[in-house]
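Okay, structure first, notes after.
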Amino acid sequence: MDGRDRLRRYLEQRKELGESDLVLDGLSVEELLGVLGARRGAPRAAESMSGESQTRAAIPEGGGASRRASTGAPMPQRPAEQGSPQQPAHLPGTPISVGGPIAEAAAATFAAQYQTLDAIAAATLDCRLCGLYETAKHAVPGEGNPSAQFVCVGEAPGATEDETGRPFVGDAGQLLTKILAAIGFRREDVYICNVLKHRPPGNRRPAADEVVACKPYLLQQLALLRPKVILALGTSAAQTLLQTSTPIGKLRGQIHRFYGVPLVATYHPAALLRNPNWKRPAWEDVQLARRVFDNLAGNQ
Ligand code: SF4
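Residue numbers (my numbering): 18 to 317.
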């Protein structure tokens with residue numbers, strides 16, 4: 018693989034993660050990919066990129082031994098169709114705050130009628146609020162400790178999750194389990210779910226109307242759980258929750274607010290499997306989330 022191929026692969030990964038611009042040369046990812054496809058003349062950038070791809074092992078492997086600290090309701094109407102889910106980027110480095118108190122936000126939705134996590138899960142099994150149920154095999158409402166105060170939120174189920182009806186299984190799920198163990202949580206200590214409860218075909222990004230339709234379930238899950246912190250996994254989840262198009266690289270490392278709940282965004286475990294360079298920042302992010310959790314837990 019020559020430098021040009023490495024650069025293309027790198028850019029495709031960034032694009033896959035939802036990034037539309039790079040601090041590189043003023044070109045967007047799309048434009049640069051177009052240049053690479055149109056002419057074979059970007060060796061300097063490729064060489065530069067290959068030079069920065071030094072592997073940084075960060076997240077401990079193997080079950081987290083290195084952790085240092087503590088251990089049939091009426092269906093609502095389908096929402097109106099909306100446009101693109103793309104939102105404006107915010108000022109880089111500025112934490113984002115979305116929405117008012119989570120309990121009030123959830124109470125204003127149809128999902129407020131579901132007073133337990135099991136009731137929410139049951140409702141998603143028969144949900145027809147968007148078209149995703151038609152192509153998905155199973156609903157994936159979420160799972161975990163109903164008293165969890167640390168909640169992981171991804172964007173949507175993938176193929177394995179669709180097959181099993183469980184969130185974050187497969188290789189990425191196993192890595193998430195290790196990441197959680199590394200900050201002192203067993204998987205059963207936390208709650209894990211997605212914004213969308215059914216898989217979009219081909220793992221495409223959710224449409225805006227699908228997010229609008231499904232979001233009340235997440236709001237009600239969070240209203241019931243009342244977490245100390247949310248760990249948003251991946252570009253798509255972070256951008257959807259925070260209603261921004263800002264790349265994950267500029268969202269991570271900060272404490273945002275999602276309906277009043279502190280939210281730390283980081284790379285998706287599947288992205289970490291593809292690109293070990295992101296393990297170090299991801300490790301920093303999950304440690305930050307753990308500190309937020311510890312600080313808020315200690316203040317009660
Ligand atoms: S993705 Fe959400 S809103 Fe759409 S059908 Fe499934 S549960 Fe309902």
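Glycine residues also receive a C-beta, built at the ideal position from the N, C-alpha and C atoms. Treat the numbers as computed from the prediction; the structure is a model and nothing was measured.
Asked, Found
"If we require 3 or more residues per run, which beta strand (DSSP E) segments fall completely within the segment 117 to 177?", "167 to 171"
"Out of 292, 213 and 249, point me to the one whose CA is closest to residue 272's CA.", "249"
"Going by CA-CA distance only, name the one from 197, 166, 144 and 143 that's closest to residue 285.", "197"
"Would you list the residues whose beta-carbon is nearer than 5 Å to any heavy atom of the ligand SF4, in the order they occur in the chain?", "141, 144, 146, 147, 149, 150, 213, 214, 215, 230 and 231"
"Helix, strand or coil for residue 249 per DSSP?", "strand"
"Where does residue 221 sit, in a helix, a strand or coil, going by DSSP?", "coil"
"Going by other Cβ atoms of all chains shown within 10 Å of its Cβ, with 16 needed for buried, is residue 243 buried or exposed?", "exposed"
"How long is the line joining the alpha carbons of residue 217 and residue 188, rounded to whole angstroms?", "19 Å"
"For residue 185, does the three-state DSSP call read helix, strand or coil?", "coil"
"On the three-state DSSP scale, how would you describe residue 304?", "helix"
"Which partner residues does residue 279 have in the DSSP bridge list?", "274"
"CB-CB under 7 Å to residue 141, same chain, minus the five flanking residues each way: which ones, in chain order?", "156, 158, 214 and 234"
"Keeping to the same chain, check which residues put their C-beta closer than 8 Å to that of residue 207; ignore five residues upstream and five downstream.", "161, 162, 165, 167, 168, 169 and 197"
"Which residue from 265, 185 and 128 puts its Cα closest to that of residue 298?", "265"
"From the DSSP output, read off the bridge partner residues of residue 114.", "274"
"Over the uninterrupted beta strand (DSSP E) stretch that includes residue 200, give me the two end residues.", "Counting along the chain, residue 200 falls outside any beta strand (DSSP E), and DSSP gives it neither H nor E."
"The ligand COA and residue 271: does any heavy atom of the ligand fall closer than 8 Å to the residue's C-beta?", "Judged by which ligands are present, the ligand COA is missing from the structure shown, whose ligands are the ligand SF4."
"Taking 7 Å as the limit between beta carbons, can you name the residues of its chain near residue 120, skipping five residues before and five after?", "240"
"How many whole angstroms separate the CB atoms of residue 393 and residue 275, which I take to be in contact at a CB cut-off of 8 Å?", "The displayed coordinates of the chain run from 18 to 317. Any statement about residue 393 would go beyond what the structure contains."
"Nearest-angstrom Cα distance between residue 128 and residue 191?", "30 Å"
"Look up residue 284 in the DSSP assignment and say whether it is helix, strand or coil.", "coil"
"What residues in its chain sit with their C-beta under 6 Å from that of residue 42, if we drop five residues either side in the sequence?", "Any reading at residue 42 needs caution, since the residue's pLDDT is 37, under 50, leaving its predicted position unreliable; the model's value is listed next. Nothing listed; no residue qualifies."
"Pick helix, strand or coil for residue 294, following the three-state DSSP scheme.", "helix"
"Let's see if you can read the secondary structure: which residues bound the alpha helix (DSSP H) around residue 213?", "Where residue 213 is concerned, there is no enclosing alpha helix (DSSP H), given that its DSSP letter is neither H nor E."
"Going along the chain, which residues of its own chain have a beta-carbon closer than 6 Å to the beta-carbon of residue 153, five neighbours each way excluded?", "179, 215 and 216"
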